[in-house]
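J.: In my numbering, the protein residues as written are 1 to 222.
Mind having a look at this structure? Questions to follow.
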Amino acid sequence: MKASPLFVTVAAFFVTALVVANIIAVKLVEISGQVFPAGLVIFPLSYLLGDVLTEVYGFRAARAVIWLGFACSLLSVAAVQAAIHLPAAGFWRDNQDAYETTLGTTWRIFLASLAAYLVGEFANATVLARMKVATRGRWLWSRTIGSTIVGEGLDSLIFVTIAFAGTGAGLANPIVTTWLIKVGYETAATPLTYAIVNFLKRREGVDVFDTDTRLSPLPLRR
């Protein structure tokens, strides 16, 4: 499929949401006794746009963008780590600790984030693609919410488990809390998803059904 300007725009917003979420996630937010990373402000947007990509352009197009997001995340982390380890100017050294605290991350958190992202996004795209074929393109809300339940559930489970297992912190509460927030975000954004999907299908003249697509994370064939 030739990349259209609208496809590139959706892909750009997807990648931006992912990279920004990883940067701002170092801040922990507490509301009504529930603690979660600030990345939840924007990260669910990547799932909404992932739904749009799969629904309109098909699994193969979504797969390419998911891997692009992965590569951009690696680049952003590498750039931040390089900046942290560059020698600070003498008059700026007092700010170094704050800089590292704000932008830095541990390798455990980094690996947890990437693993959760890949598994969650590919599960989300796979479920949506299969449900679209099964429902013959009807009931968009059922597959956007259903795929998010699966994808975001795996994302929350993998991230919290890898990041915090063995630290003494309870795992069940943050897993369930972040999962419910993400699913609630997607559910509330259903009208927006419908608007974007309908606009793109109408303007692009495409509505891909993955009836014969090999739904593999790796583009080995088809």
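Heads up, the beta-carbon is just placed ideally off N, CA and C, and yes, glycines get one too.
E152: buried (16+ other C-beta within 10 angstroms of its C-beta) or exposed?
T.: Locating residue 152 in the sequence shown gives position 152, where the first residue counts as 1. Residue burial is scored here from C-beta neighbours: E152 has at least 16 other C-beta atoms within 10 angstroms and is therefore classed as buried.
J.: In the region 26-111, which residue ranges form an unbroken beta strand (DSSP E) of at least 3 residues, counting only runs that do not cross its ends?
T.: 28-31, 34-37
J.: Could you compute how far the alpha carbon of S142 sits from the alpha carbon of T106?
T.: Here the question's residue 142 lines up with position 142 in the sequence shown. Here the question's residue 106 lines up with position 106 in the sequence shown. One C-alpha to the other measures close to 37 Å.
J.: If you draw a straight line from the C-alpha of A134 to the C-alpha of N173, how long is it?
T.: Within the sequence shown, numbered from 1, the residue matching residue 134 stands at position 134. Within the sequence shown, numbered from 1, the residue matching residue 173 stands at position 173. Between A134 and N173, the C-alpha separation is close to 34 Å.
J.: Going by beta-carbon coordinates alone, are E204 and L75 separated by less than 8 Å?
T.: Numbered from 1 along the sequence shown, position 204 holds the residue referred to as residue 204. Numbered from 1 along the sequence shown, position 75 holds the residue referred to as residue 75. No, Cβ-Cβ distance for E204 and L75 is not below 8 Å.
J.: Could you spell out the range, first to last residue, of the alpha helix (DSSP H) harbouring L18?
T.: On the sequence shown, residue 18 is found 18 positions in, with the first residue counted as 1. Unbroken alpha helix (DSSP H) run through L18: 5-24.
J.: May I have the straight-line CA-CA distance separating V206 from L18, to the nearest angstrom?
T.: Start at 1 with the first residue of the sequence shown, and residue 206 comes out as number 206. Start at 1 with the first residue of the sequence shown, and residue 18 comes out as number 18. Cα to Cα, the separation comes out at about 26 Å.
J.: Roughly how many angstroms lie between the CA atoms of C72 and G137, to the nearest whole one?
T.: For the purposes of this step, residue 72 is taken as the residue at position 72 of the sequence shown. For the purposes of this step, residue 137 is taken as the residue at position 137 of the sequence shown. So the two alpha carbons sit approximately 32 Å from each other.
J.: Please report how far the alpha carbon of G120 lies from the alpha carbon of F159, in whole angstroms.
T.: The residue given as residue 120 occupies position 120 in the sequence shown. The residue given as residue 159 occupies position 159 in the sequence shown. A direct Cα-Cα distance of roughly 10 Å separates G120 from F159.
J.: What's the gap between the Cα of A165 and the Cα of L171?
T.: Taking the sequence shown and counting its residues from 1, one reaches residue 165 at position 165. Taking the sequence shown and counting its residues from 1, one reaches residue 171 at position 171. C-alpha separation (whole angstroms): 7 Å.
J.: Run through DSSP, which three-state label would R136 get?
T.: Here residue 136 refers to the residue found at position 136 when the sequence shown is read from its first residue. Three-state result, R136: coil.
J.: Rounded to a whole number of angstroms, what is the C-alpha to C-alpha distance between I201 and V56?
T.: Along the sequence shown, one-based indexing puts residue 201 at 201. Along the sequence shown, one-based indexing puts residue 56 at 56. Just to set this straight, residue 201 is Lys in the shown sequence, not Ile. One C-alpha to the other measures close to 6 Å.
J.: In this structure, how does DSSP classify L118 when only helix, strand and coil are distinguished?
T.: One-based indexing of the sequence shown puts residue 118 at position 118. L118: helix per DSSP, three-state reduction.
J.: Using a Cβ-Cβ cut-off of 7 Å (strictly less than) and excluding sequence neighbours within five positions of S113, which residues of its own chain qualify?
T.: As a first step, residue 113 is located in the sequence shown; it is residue number 113 there, counting from the start. Cβ within range, chain order: N22, F159.
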